[in-house]
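Residue numbers (our numbering), protein chains in the order written: chain A, 1 to 208; chain B, 209 to 468. Ideal placement from N, C-alpha and C gives every residue a C-beta, glycine not left out.
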C-alpha cells in the first residue's frame with residue numbers, strides 16, 4: 001500500500017513547489033529529487049498496468065524522461081497526479097511496443113507470469129503462502145484483462161488507494177466517470193475471477 | 209435502493225461500488241444502508257466487492273528494480289526514431305515565417321519594378337503587386353496571431369484543452385486567405401487596370417500614367433515579361449511553401465498537445 005496522504009506529496013510539502021520550479025528552470029538535480037520521491041509509486045502503477053517488471057521498468061523510465069521534457073507545462077495542483085497520468089500514457093506506449101514484438105520473445109513473458117518475487121509472510125505456512133501467491137497471480141492476470149481505462153481506475157483506487165478526485169485529475173476526467181469506470185472494472189473482475197474459480201475469503205458465500 | 213424493491217433484483221453496481229469507497233452523498237448512503245439491511249442480494253454483492261478490494265490490496269508493493277534518476281546522457285541523448293518526425297516538424301514554423309518573408313520581399317521587388325516600368329503590363333503589375341502586398345500583410349498578421357496563440361496554448365498544456373478549436377479556426381482562416389491570394393495573384397496580373405477596384409491601385413495607376421513612358425525597347429519588354437513570370441512563379445511558390453509549412457506546424461503542434 002502506498003500512503004496517499006497529502007503530506008507525502010512534495011508539492012504539498014513546504015518546499016515541494018520549489019523543486020518543481022527549479023526543475024522547470026532546467027535543474028536536473030531538483031528533478032531527480034522528484035524522481036526519488038515518486039519512483040516507487042510510478043513503477044508500481046506501471047507494474048500493475050503491465051504485469052511485467054521488465055515492461056514496467058521501461059515504462060517508468062520513459063515516464064520520467066517524458067516528465068522531464070514536459071515539466072514546464074506542469075501547472076496542475078498535484079504533481080503526483082500529473083506524473084501518474086504520464087506513467088499511464090507510457091504504459092499505453094509500452095503495450096503498443098510490446099504488441100509489435102514477435103511472439104515468444106524472451107523479453108516479453110506472458111502477462112502476469114513474472115510478478116516479482118515477494119517476501120514470504122513469516123506468519124503463514126508454506127502452503128498458505130503458495131495459495132496466496134497463486135491468488136495474487138490470478139488477480140493480477142484478471143486485472144490485465146480489463147480495458148485500459150477501467151484497469152487504470154481500479155489500480156489507482158483499489159491497489160494504490162487513491163481518492164476519486166485524484167484519480168479524476170490523473171485521468172483528466174470527471175469524478176462521475178471515475179466512479180463508473182471503477183464500478184464497471186470491479187464488476188468485470190468479479191465475473192472474471194468467478195469464472196477462474198477464484199474464491200477470496202468471504203467470496204463464495206454470496207455469489208449467486 | 210428502496211426498501212420496497214423486490215428481493216430479487218439487479219443490484220445497483222455503481223452505487224454499491226461508490227458506497228464501498230465512501231463516495232456517496234450522505235442521503236444516498238443512508239438510503240442504501242437501509243436497503244442493505246433488508247436485501248441479501250445487495251449486501252451479498254457488497255461483501256463480494258469488499259473481498260475483491262481486499263484481494264487487490266493484497267497485491268504487494270514492489271521495490272523499484274533500480275533508480276529512475278535521469279543522467280545528463282539520458283536527457284541529451286538524441287530523440288528515438290519515433291520522435292524523429294516531430295523533431296523535424298519543429299522547424300516548420302520557422303520555415304513558414306521565412307517563406308512569408310521571402311514572399312514579402314518578392315512582392316516588394318515586384319512593386320518597385322512595376323512602379324518603374326512602363327505600359328499597361330507594368331501598371332497592372334503594380335496593381336496586382338499592391339493587392340498581393342496587402343494580402344501578404346494580412347496573411348503575415350494572421351500567421352503571427354496563429355503562432356502566438358499556439359504558443360500560449362502550448363504554455364498552457366497542463367490545463368484541459370481550451371485553445372484547440374480557436375487555433376484551428378485561425379489557421380483555417382489563414383489558409384483560406386492565402387488560397388484566395390494564390391488565386392487572385394494571376395488573375396490580377398491579367399486584368400486591365402480599370403478592372404481593379406482597389407482605390408490605391410487606381411491612384412497608383414493614375415500616377416504612373418502621368419510619368420512619361422521610358423521608351424521601352426521590344427527586347428526589354430520581353431525581358432520584363434520573362435522576369436515578371438519568374439517573379440510571379442517564385443511568389444506563388446513561396447506562398448505555397450509558407451502554407452505547407454504552416455499546415456505541418458499545426459499538425460505537429462496538435463500531436464505534441466495530445467502527447468502532453
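Q: Classify residue 76(A) as helix, strand or coil using the three-state DSSP reduction.
A: In the structure shown, residue 76(A) adopts coil according to DSSP, grouped into three states.
Q | Chain-ordered neighbours of residue 222(B) on chain A, where CB pairs are closer than 7 Å | A | Under the 7 Å cutoff, chain A gives 179, 180, 183.
Q: Report the option in 437(B), 432(B), 320(B), 301(B) whose CA atom is closest to the CA atom of residue 452(B).
A: Nearest C-alpha to residue 452(B): 301(B).
Q. Can at least three beta-carbon pairs, one atom from the region 57 to 66 of chain A and one from the region 276 to 286 of chain B, be found at a separation below 8 Å?
A. The region 57 to 66 of chain A vs the region 276 to 286 of chain B: in contact.
Q.
The alpha helix (DSSP H) that contains residue 165(A), what's its start and end?
A. Counting along the chain, the alpha helix (DSSP H) containing residue 165(A) begins and ends at 164 to 171.
(Q) Below 7 Å, is the gap between the Cβ of residue 84(A) and the nearest heavy atom of the ligand COA? (A) The model depicted lacks the ligand COA and carries no ligand whatsoever.
Q: Kindly list, in the order they appear in chain A, the residues whose Cβ is closer than 8 Å to that of residue 278(B).
A: Residues of chain A with a Cβ closer than 8 Å to the Cβ of residue 278(B) are, in chain order, 28, 31, 32, 35, 64, 65, 68.
(Q) By alpha-carbon positions, which one of 249(B), 248(B), 222(B) ends up nearest to residue 236(B)? (A) Looking at the Cα atoms, 222(B) is the closest of the given residues.
Q) Along chain A, which residues have their Cβ under 9 Å away from the Cβ of residue 275(B)? A) Those within 9 Å of residue 275(B) in chain A are 32, 35, 36, 39.
Q: Anything in chain B within Cβ reach of residue 94(A), meaning under 9 Å, just list it in chain order.
A: Neighbours of residue 94(A) on chain B: none; closest Cβ ~13 Å, over 9 Å.
Q | Cβ contact check for the region 155 to 174 of chain A and the region 66 to 73 of chain A: 3 or more pairs under 8 Å | A | The answer is no - the region 66 to 73 of chain A does not touch the region 155 to 174 of chain A, with fewer than three Cβ pairs under 8 Å.
Q. Skipping 5 residues on each side, what residues in its chain have a beta carbon closer than 6 Å to that of residue 394(B)?
A. Unreliable positioning characterises residue 394(B) in this predicted model, as indicated by a pLDDT of 46, which lies under 50. The coordinate reading is nonetheless provided below. Closer than 6 Å at the Cβ level, and outside the excluded window around residue 394(B), lies no residue.
(Q) Tell me the residue span of the alpha helix (DSSP H) that contains residue 222(B). (A) Element bounds for residue 222(B): 221 to 228.
Q) Between the region 127 to 138 of chain A and chain B, which residues of the former have a C-beta closer than 8 Å to a C-beta of the latter? A) Going along the region 127 to 138 of chain A in chain order, one finds 132, 135, 136 with a Cβ nearer than 8 Å to chain B.
Q | Local Cβ density within 10 Å of residue 457(B), reported as buried at 16 or more and exposed below that | A | The residue in question, residue 457(B), is buried, as its Cβ has 16 or more Cβ neighbours within 10 Å.
**Q.** Other residues of its chain near residue 307(B): CB distance less than 7 Å, five sequence neighbours each side excluded
**A.** Same-chain partners within the cutoff: 446, 449, 450, 453.
Q) Taking 8 Å as the CB-CB cut-off, is residue 189(A) touching chain B? A) Chain B contact via Cβ: present.
(Q) Let's test the definition: count the other Cβ atoms within 10 Å of the Cβ of residue 170(A) and tell me whether it reaches 16, buried, or not, exposed. (A) The residue in question, residue 170(A), is buried, as its Cβ has 16 or more Cβ neighbours within 10 Å.
Q) Do residue 153(A) and residue 178(A) have their C-beta atoms within less than 8 Å of each other? A) Cβ atoms of residue 153(A) and residue 178(A): closer than 8 Å.
Q) Hey, out of 299(B), 252(B), 311(B), 245(B), whose CA is closest to residue 190(A)'s CA? A) Of the candidates 299(B), 252(B), 311(B), 245(B), the one whose C-alpha sits nearest the C-alpha of residue 190(A) is 252(B).
Q. Rounded to a whole number of angstroms, what is the C-alpha to C-alpha distance between residue 315(B) and residue 463(B)?
A. Counting only the Cα atoms, residue 463(B) lies some 34 Å from residue 315(B).
Q. So is residue 60(A) in contact with chain B if we call contact Cβ pairs under 8 Å?
A. Contact of residue 60(A) with chain B is assigned, a C-beta pair being separated by under 8 Å.
Q) So is residue 260(B) in contact with chain A if we call contact Cβ pairs under 8 Å? A) Closer than 8 Å to the CB of residue 260(B) there is at least one CB belonging to chain A.
Q: Under 8 Å Cβ to Cβ from residue 43(A), same chain only, skipping five residues before and after it: list those, please.
A: When the five nearest sequence neighbours on each side are left out, the beta carbons in the same chain lying within less than 8 Å of the beta carbon of residue 43(A) are those of 56, 57, 60, in order along the chain.
Q) Under a CB-based cut-off of 8 Å, is residue 159(A) close to chain B? A) Output row for residue 159(A): interface = yes.
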